[in-house]
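Trainee: First the structure, which I've put down as structure tokens, then a few questions once you've had a look.
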Amino acid sequence: MSTLAASPAREEAGTGRPRGPRRVRLQQLLAAGTLVLIFLAFSIASPTIFPTWGNIVTILYSTVVIGLLALGATFVITTAGIDLSVGTGMALCAVMSGMFIVNWGIPVPLGIVLAILFGGLIGLINGVSVAILDLPPFIATLAMMMVASGLALVISGAAPIYFEAPSYMGFSTGTIIPSIPNAVLVLALAAVIAAVLMSRTLLGRYATAIGSNQEAAELAGVAVKKWLMIVYIVGGLFTGLAGVMISARLGSAQPATGMGYELDAIAAVVIGGTSLSGGRGTIVGTMIGALIISVLTNGLQILSIPQEWQDVLLGAVILVAVFIDRLRRRAERTA
Amino acid sequence: MSTLAASPAREEAGTGRPRGPRRVRLQQLLAAGTLVLIFLAFSIASPTIFPTWGNIVTILYSTVVIGLLALGATFVITTAGIDLSVGTGMALCAVMSGMFIVNWGIPVPLGIVLAILFGGLIGLINGVSVAILDLPPFIATLAMMMVASGLALVISGAAPIYFEAPSYMGFSTGTIIPSIPNAVLVLALAAVIAAVLMSRTLLGRYATAIGSNQEAAELAGVAVKKWLMIVYIVGGLFTGLAGVMISARLGSAQPATGMGYELDAIAAVVIGGTSLSGGRGTIVGTMIGALIISVLTNGLQILSIPQEWQDVLLGAVILVAVFIDRLRRRAERTA
Amino acid sequence: GRSREDVTHIALVSKGFQHQFWQAVRRGARAEADENGVVLTFEGPPAETDVEAQITMLQNAVTRNPDALGLAALDSRAAALALDEAHSKGIPVVAFDSGVDSDIPLATVATDNAAAAKEAAKHMCELIDGTGQVGIVAHDQVSLSGTDRRDGFLAGLEEYGSGVEALEVQYGEGDQAKSADIARSMVTAHPDLKGLFGTNEGSAIGVLKGVEESGRTDLAVIGFDSGRAQVEAIRSGEMAGAVTQDPMQMGRLTVRTAIEALAGKKVEKMIDTGFLWYDADNIDSDDVQRAVYL
Amino acid sequence: MTDPQRASDPEGELLLEVRGAVKTFPGVRALSGMRLDLHAGEVLALVGENGAGKSTLMKVLTGVHRPDAGEFRYLGRPLRVSGPLDAARQGLAIIHQELNLIPALTVAQNIFLRREHPAAGLFTRPRDLEARTRDLLDRLGMDLDPSARAEDLTVAQQQMVEIAKALSFDARVLVMDEPTAALNETEAAALHALIRDFVTPRTGVVFISHRMEELRGLADRVQVIRDGEYVDDFPMAGATLDEVVTKMVGRPVDTSGRAHAPRDAPPEGEDRPVLLAVEHLRSEPLVHDVSFELREGEILGFAGLMGAGRTETARALIGSLPRQRGEVRLRGRPVAFRSPAQAARAGIGYLPEDRKRLGLMLESSVLANMELSALGSRFQRAGLVRRADARQAAEEQASALRIRTPHLEQPIKNLSGGNQQKAVIGRWLMRESDVLIFDEPTRGIDVGAKEEIHSLLEELAAQGRSLIVISSELPEVLRLAHRVVVMAEGRVTGVLEAADADPESVMRLAAVEEAPAHPRTTDPDPAPERGRTDAPATTEGHR
Ligand SMILES: Nc1ncnc2c1ncn2[C@@H]1O[C@H](COP(=O)(O)OP(=O)(O)OP(=O)(O)O)[C@@H](O)[C@H]1O
Ligand SMILES: Nc1ncnc2c1ncn2[C@@H]1O[C@H](COP(=O)(O)OP(=O)(O)OP(=O)(O)O)[C@@H](O)[C@H]1O
Ligand SMILES: [Mg+2]
Ligand SMILES: [Mg+2]
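Chains as they are written, first to last, in the working numbering: chain A, 30 to 364; chain B, 30 to 364; chain C, 41 to 334; chain D, 17 to 559.
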């Protein structure tokens, strides 16, 4: 094969070696750059308030729910799928958590586990629709979105369920580490787990393979149906955890919330650099994406920009952020 | 066709030629079947009320706005894109229509045209983001969704704009043809135009080509950027028209509406059988999809099913509808 | 941001932003603020179900260290943490629209949604002389304003109209088009329907449109809140009447109370901004004119 | 034979035995009563026209498709496979015609997909995987980087990965479906070497190819199939090309075209007006400095090794790749196309080399694929598509190219590789254009069809159209070209008049720093055998 060795294309591949991994790392570094940029901008605009530790905690805290949903969504999107049911699914899981713990008096830790598992159940149903019934993910999860929002109301009797046990709220508001709410730790932990799943396990690899070329994956013997199911279940588990965290933060399960969260979550994933056409998922990117969104929201409110303008700016900045990301990637491709 | 004759496929070749077109027609027939089925079910459940002419008009009337948005979305989705900005974009166009006609006193017909063109402008911006800046349609239009909802509030001063001219309301509520509101005629006309655009013009062909393999289309000499822009502009024009129709119905431009309409519109398109992965768009299907949704909503309300159950059922039925559609298509493939 | 020393900053975190009711509150608050040379910020979540969004807004507002804070809590429990922080920072808090069950707020500038809706029910029963079917198009199924108005109205029907049958309540998210479709369906589904009630401006206008489109003219339509369309409909008789609260007054009083509290004045714990029924007869009276927003 | 110590051994153990295999697809009978024997120690060449059923047969064997009927025996026992992976694990490995790597995964991840030996059944072990891949690649003498992503590899390298994957199973039977279609002579030769190493007294190879020249050097036995049926099989040794082709097509075919290259009468080039002039074209990373002239009615051949940059040159020319430098003049007027659409409007069409990725709209019908390029120019009035005309023209084109499909509404993905290629060529023939750039125009096309396409290209040239033919098959270039542009490493290393163009001269120019690789390409009787012996010859150079 000495010819291959000699050909320029070979050199291309030669540089290819470190390129794959290094490229990703570099990109995330730069994506983080966008985040830092935005952060600095706000720090200059509001030096006394925005960059304070208190506010940073606020930002992190407000990232938790979207962050968790986005983590789950990253796996689904990596398979070239999409999950619109995370928002109302989260509400449903919150309600179930309330049913378990408040109405049925199940001990808090067990109740939390059950609520998370219930999220997995939602994911399972999505998985069946997509993998077995072969429905388009968009429509399958859209339907689930409606069903979940309905069920949340039915089960809760359309009324918030209030948690009594302080330990439950503590799960979000407590501070094992001084001045850092547990919710933030939970998100961090979840992110680490997600990162391992994505880059160090078969789940991540097969999800990528399926998203990159499903037929080829199938030909290569990957049990596509099975792994698709697992991916949606994993997504659902994160949804469940998000449901627990939001109800723990609010001290109550709000059956009617959730609608709209799915778009924010997907936005976070895409801003982070995961491709909606699949085959390319980065957990670090997703976290950065989620942070970009919450830093923007927080910063604009800190600067007390009139609310109608906040939407406009948020939209504009997201466009720019993604555009820069694009430029960078194109630059890399031709570099 | 000598080889066609000589080929082993000979047996089929005869029947083959007309098969394609006929197949499509057949499929739409069957999709319509699902609609008819649902309609019959409700007619049996509520024989005295549901199938009355009055209620049918109600259904058609309530289909207008979603229908128009779905028509526009069909083109975008055919290119494997997506447009999340149609909902709030519609609200913005309604507000602009109010500005033009009420605040600036532009004559109604011209004002309507301008409002529709404004929708085209929104589409143009989406088109630039997607075709020129090469941003993922999902994120580009998501950003536009935020910007539009913000601008609608800013421009209207967060207050509804009330139309005076009866002729404007008449554009929706009037009845050129006795007992059929003009809005329904507008939708019908729009659908016909869309159908022609999709199946008889370069626009439809190129949109399909781009959707099924953009690179191939490009190398085959299709001006991909140009046509992508046109597609998004067309989508925007339908959005504009929807904005006019909804404000004409309500007699006022409501700056705060629109959020959520985009998902219904996309759902209609997908239920109709257009593939979100592009390369396959059917206008008839989209209209059927839109009707399926509004028939379901109306029927469930007629039966005064509790709201929370309506969502559940709506979701479930959509799943089933799409699933049947899938089965049918698979059947065709292997038949 | 701005130089904080000289000017007084008051932050209002409301239950909503886009709906006209909240815009009216905002206008009233702004007017009062301008008169007193106070800098006002007004924020509210997109929907009255977005509790978390409101908590984040509240949190951010507290972080900004305003001189005083006004809150219309979507959920008192959820707001507790942020309120504690405000309290510990010595920021006086005024609750508005509905109470916050916490002793932190110095005062509550509110109105009784249930009572208002009950008033509406009373007139409904009179209009349909105590018998027949009545439909309710509510704007929200969970939030306080939604449930209070719904339940208040239902209770009112019980009390004043022995023979009145309330249909299954339907919810239109305060979206006029959706509410109109619902109203149409109700009218179609129940030929001998006597009256319809919309629980906020969007729902009311929707009901109005739905009835109008259905061609029925004999229905008693009652609305809630005001806004130009409702006022005109009441003038023209399409709508029998509506209960309105006094959102602008609510905004004014919230800001005024906050300013007084800052000035160290003693403030009343409970300030009721009240509500009033208006119809073709009293619509031009001064207090109605003051209450309704257009 | 190039490899005397390995005599063909039809008496070797019977590895594969197929009888009466039947497979039908909607509208198509791909296999009807097919038979096949493969003995240990032999390389069996499977030849047939496009759509004859070669790939289908192999897909049925390796569990991609379920056969409708037929008896399949492997190592004497009835063959039972649940799918490709299972087949491979049983020692029955296939390399598909269409590359089936997963773009987003690395070489290592692709090769050992589903064989990761995960820790605790879940955790991947990247280092271990790399190591295993290195061992494999070293054993095969492949210089590939285990952690390069498949999407960053050239077609040829992707092919190598597929092969490495197939060989990584300890396979008894190796099936290769047109593995050399995307390779040029040198790479093909290297592949042949691999195959020879693979074949032992206990293993056998089924080798599908449309490049008759290479078969003589490689195969022990040829089996010809036609229209899904077994035609004949015989030792390669005695067989002449014409026999094989005649059996394939079922009628005598004149293959003389390739017999006497280069074409004797190069049209008196000089006085023909220059249609297209390219000067110092530069398009990083693969094209550095390319200049050439295309005359009216001329066929300009482009030869070069893989990655020489011919494809990129063409794509920079039509504006689908950015160009940093250089001037292009069409009829003396400078042009700078920013998109293929502009080039097409100016009368320049480009047929991409990578059919599946860049040529086809797989989900769409044959018609939609064929009419695409001409829609805007020929088949519309005021934006309205004249569907009847388009269909009419497409049907004429389809029969002219002898495209094998039940009807034009058939999804093109259901056509055989070769017929897909014909459809894409047809796309450009349906549109009026003066300059046509064909990148690997006969990649995966059967001899008969290749012959047709060659004469078709000559016809076009005769009609005064100017053609650029990029081909990695030297004989093709030599046969068609009036002049041959040779490229290496993104530069033009020479332009040869047809008369002076022969494999040696071209190879010398193409393989710049690779001189030692081709000392023995001077072979006994150039004229008739040049094309065929070229591949093995270069290989000799390697070993
Ligand atoms: N999935 C499929 N669905 C329908 N028809 C198919 C399918 N696959 C193959 N065919 C048809 O079966 C016949 C044989 O196809 P096959 O790919 O085996 O031919 P081939 O000998 O490999 O041709 P080539 O040399 O061009 O690759 C062709 O007519 C093709 O159109
Ligand atoms: N499928 C592909 N994916 C990526 N690049 C490709 C592909 N096909 C061709 N190329 C580009 O073309 C170059 C060579 O492609 P290929 O393997 O077909 O050899 P070639 O066509 O002889 O080379 P060239 O045409 O550049 O002289 C590669 O270096 C690559 O840049
Ligand atoms: Mg084949
Ligand atoms: Mg090439």
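Positions of the beta carbon are idealized from the N, C-alpha and C atoms, including for glycine.
At 9 Å on the CB atoms, spell out the chain A contacts of N116 of chain D, in chain order.
Mentor: N242, E244, A245, L248 and A249
Trainee: Have a look at L257 of chain D and K466 of chain D and give me their C-alpha separation to the nearest angstrom.
Mentor: 14 Å
Trainee: In whole angstroms, what is the alpha-carbon distance linking L304 of chain C and G196 of chain C?
Mentor: Checking the displayed sequence, the identity of residue 304 of chain C turns out to be Gly instead of Leu. Taking the straight line joining both Cα atoms gives about 41 Å.
Trainee: If I'm right that E58 of chain D touches G220 of chain D with Cβ under 8 Å, what's the distance once you round it to whole angstroms?
Mentor: Yes, they are in contact, since the Cβ atoms of E58 of chain D and G220 of chain D sit about 5 Å apart, within 8 Å.
Trainee: Going along the region 187 to 216 of chain A in order, which residues come within less than 8 Å of chain C, judged by CB to CB distance?
Mentor: Those would be A187, A188, P189, Y191 and T202, in chain order.
Trainee: Using the C-alpha atoms, what's the distance from G265 of chain A back to W338 of chain B?
Mentor: 22 Å
Trainee: Among D:P338, D:I441 and D:R331, which one has its Cα closest to the Cα of L383 of chain D?
Mentor: D:I441
Trainee: Mapping the DSSP letters down to three states, classify G49 of chain A as helix, strand or coil.
Mentor: For G49 of chain A, the predicted model reports a pLDDT of 42, less than 50, meaning its position is unreliable; a value from the coordinates is still stated below. G49 of chain A falls in the helix class under three-state DSSP.
Trainee: Taking a contact to mean a Cβ-Cβ separation below 7 Å, would you say I241 of chain D touches G64 of chain D in this structure?
Mentor: yes
Trainee: State buried or exposed for N126 of chain D, treating a residue as buried only when at least 16 other CB atoms are found within 10 Å of its CB.
Mentor: In this structure N126 of chain D is buried. Its beta-carbon is surrounded by 16 or more other beta-carbon atoms within 10 angstroms.
Trainee: Which residues of the region 81 to 97 of chain C have a Cβ closer than 8 Å to any Cβ of chain A? Give them in chain order.
Mentor: T81, F82, E83, G84, P86, A87, T89, D90, V91, E92, I95, T96 and M97
Trainee: Using the Cβ count rule (16 or more neighbours within 10 Å means buried), how would you classify K429 of chain D?
Mentor: K429 of chain D is exposed by the Cβ-count criterion.
Trainee: Using a Cβ-Cβ distance cut-off of 7 Å, determine whether V357 of chain D contacts chain A.
Mentor: The sequence shown places Ala at residue 357 of chain D, rather than the Val named in the question. No, A357 of chain D lies away from the interface with chain A (no Cβ there is under 7 Å from its Cβ).
Trainee: Which runs of the alpha helix (DSSP H) at least 4 residues long sit entirely within the region 157 to 224 of chain C? Give them in chain order.
Mentor: 184 to 200
Trainee: For K39 of chain D, write down the residues that DSSP places opposite it in a beta bridge.
Mentor: D:L47
Trainee: Could you tell me whether any non-hydrogen atom of ligand 1 is closer than 6 Å to the CB of L62 of chain D?
Mentor: L62 of chain D Cβ: outside cutoff for every heavy atom of ligand 1.
Trainee: Going by CA-CA distance only, name the one from B:G101, B:L305, B:A345 and B:S276 that's closest to G110 of chain B.
Mentor: B:L305
Trainee: What is the residue span of the beta strand (DSSP E) that A260 of chain C lies within?
Mentor: Counting along the chain, the beta strand (DSSP E) containing A260 of chain C begins and ends at A260 to F264.
Trainee: What residues from chain A crowd round L496 of chain D, counting only those whose CB sits closer than 8 Å?
Mentor: Within chain A, no C-beta atom comes nearer than 8 Å to that of L496 of chain D; the closest sits roughly 24 Å away.
Trainee: Can you list, in chain order, the residues of its chain whose CB lies under 7 Å from that of L194 of chain C, leaving out five sequence neighbours each side?
Mentor: A206
Trainee: CB-CB under 7 Å to M30 of chain B, same chain, minus the five flanking residues each way: which ones, in chain order?
Mentor: For M30 of chain B, the pLDDT reaches just 34, beneath the cut-off of 50, and the residue's location in the model is therefore unreliable, leaving the point undetermined.
Trainee: Mark D115 of chain C as exposed unless 16 or more other C-beta atoms lie within 10 angstroms of its C-beta, in which case mark it buried.
Mentor: buried
Trainee: Tell me where the beta strand (DSSP E) around Q285 of chain C begins and ends.
Mentor: Q285 of chain C -> beta strand (DSSP E) spans G281 to Q285.
Trainee: Could you check the C-alpha separation between R46 of chain B and I353 of chain A for me, to the nearest Å?
Mentor: Confidence is the limiting factor: at R46 of chain B the pLDDT is only 37, short of 50, which leaves the residue's position unreliable, though a coordinate-based value still follows. Cα to Cα, R46 of chain B sits roughly 49 Å from I353 of chain A.
Trainee: How is I88 of chain A classed by DSSP in three states: helix, strand or coil?
Mentor: I88 of chain A: helix per DSSP, three-state reduction.
Trainee: Tell me whether V351 of chain B is buried or exposed, calling it buried when 16 or more other Cβ atoms sit within 10 Å of its Cβ.
Mentor: buried
Trainee: Can you find the residues in the same chain that come closer than 7 Å, C-beta to C-beta, to L98 of chain C, ignoring five residues on each side of it along the sequence?
Mentor: V53, L111, A119 and A122
Trainee: What is the DSSP secondary structure of R279 of chain D, counted as helix, strand or coil?
Mentor: Residue placement at R279 of chain D cannot be trusted, given a pLDDT of 47 that sits under 50; what the coordinates show is reported in the next sentence. In the structure shown, R279 of chain D sits in coil (DSSP, three-state: anything other than H, G, I, E or B).
Trainee: Which residues does DSSP pair with T230 of chain A in a beta bridge?
Mentor: T230 of chain A pairs with D:F139.
Trainee: Count the other C-beta atoms from every protein chain shown that fall within 10 angstroms of the C-beta of H296 of chain D, then say buried if there are 16 or more, exposed otherwise.
Mentor: exposed
Trainee: Taking Cβ-Cβ distances shorter than 7 Å, what residues in chain B pair up with M173 of chain A?
Mentor: Chain order gives the chain B residues near M173 of chain A as G344, where near means a beta carbon separation below 7 Å.
Trainee: Using the Cβ count rule (16 or more neighbours within 10 Å means buried), how would you classify M310 of chain C?
Mentor: exposed
Trainee: What are the residues in the region 98 to 132 of chain A lying within 7 Å of chain D by C-beta distance?
Mentor: none
Trainee: What residue range does the beta strand (DSSP E) around Q239 of chain D cover?
Mentor: R237 to R242
Trainee: Kindly provide the chain-ordered list of residues whose Cβ lies closer than 6 Å to any non-hydrogen atom of ligand 3.
Mentor: D:K70, D:S71, D:Q113, D:D193, D:S432 and D:G433
Trainee: From L62 of chain D to E146 of chain D, what distance separates their C-alpha atoms?
Mentor: 35 Å
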